[in-house]
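Visitor: Please find one structure pasted underneath; my questions will follow.
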Amino acid sequence: MTLGSKLACSEKTNIVNKLKLLCRAIGDSDNPGCPSTDAGVSVFTASVSKRRYVVKGNIVRFDKVWTNIGNNYDPRSGVYTTPKDGAYHFSCTVMSQGRNGIRVNLWKNDVKTVAIYSNGAFGGTLNMGLDLKKGDRVCIKQSYLENYIYAEPEYHFSMFSGFQIS
């Protein structure tokens, strides 16, 4: 019985040690299975709260902030600044005004990436994953003829969001 008890204790110790290693690998050795408070989570979602005229080449300011964990999105400038290196996911939906079209692009620093074109009061959506470095800036810019992004105070048809994946 003594040998069996020692073996059982040894196995338990081995399992506990492996669990501690796994917890350290995911970032929180004191609270297994829970995200670390030091994880530096960054998530934002913002929308356009009223009809907005956007000049070609200008950044779209999504002024109604719904979520801004980490405070990395600035609604005054419309720019999200990455807090650290990693993979990020961004999504944007825009709705055009009436019969007019609107085209916007997702920008990474000074590089234009994917586009949305919306016409005739329909919405368009983009989704993109990006490998970013700390301090990179991501925004949505109007890239077509000057036009309106449609919104109503109680309906937020046009939005921009992003979060860090890893």
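Heads up, the sequence shown is in the numbering used here, so the first residue is 945 and it goes up one at a time. Yeah, the Cβ is synthetic: ideal placement off N, Cα and C, and Gly gets one too.
1) I think V1004 touches V1048, with their Cβ atoms under 8 Å apart; what is that distance to the nearest whole Å?
2) Taking its Cβ as the centre, do 16 or more other Cβ atoms sit within 10 Å of N1016, making it buried, or is it exposed?
3) Between the Cα of G1030 and the Cα atoms of G1079, Y1094, S1105 and I1093, which residue gives the shortest distance?
4) Going by beta carbon distance, what residues of the same chain come within less than 8 Å of I1109, once the five residues before and after it are set aside?
5) Quick one, are the C-beta atoms of T1026 and G1067 less than 7 Å apart?
6) Return the first residue and the last residue of the beta strand (DSSP E) that A1031 is part of.
7) Could you name the residues that DSSP lists as bridge partners for K1052?
8) Exposed or buried, which one is T1057 when buried takes at least 16 other CB atoms within 10 Å?
9) Give the straight-line distance between the Cα atoms of I1084 and E955, rounded to the nearest whole angstrom.
10) Under the three-state reduction of DSSP, which class applies to E955: helix, strand or coil?
11) According to DSSP, is V998 part of a helix, a strand, or is it coil?
12) Pull up the DSSP beta-bridge partners for L1070, would you.
Guide: Based on what the coordinates show:
1) That pair is a contact at about 6 Å.
2) Per the 10 Å Cβ criterion, buried.
3) Considering only G1079, Y1094, S1105 and I1093, the residue with the shortest C-alpha distance to G1030 is G1079.
4) Only G1030, A1031, Y1032, H1033 and G1073 meet the Cβ criterion.
5) No, they are not a contact pair.
6) Counting along the chain, the beta strand (DSSP E) containing A1031 begins and ends at G1030 to M1039.
7) Note: K1052 sits in a beta bridge opposite V1055 and V1082.
8) Exposed is the call here.
9) Straight-line Cα distance between these residues: approximately 55 Å.
10) It is helical.
11) DSSP places V998 within a strand segment (E or B) once states are collapsed to three.
12) Its beta-bridge partners are C1036.
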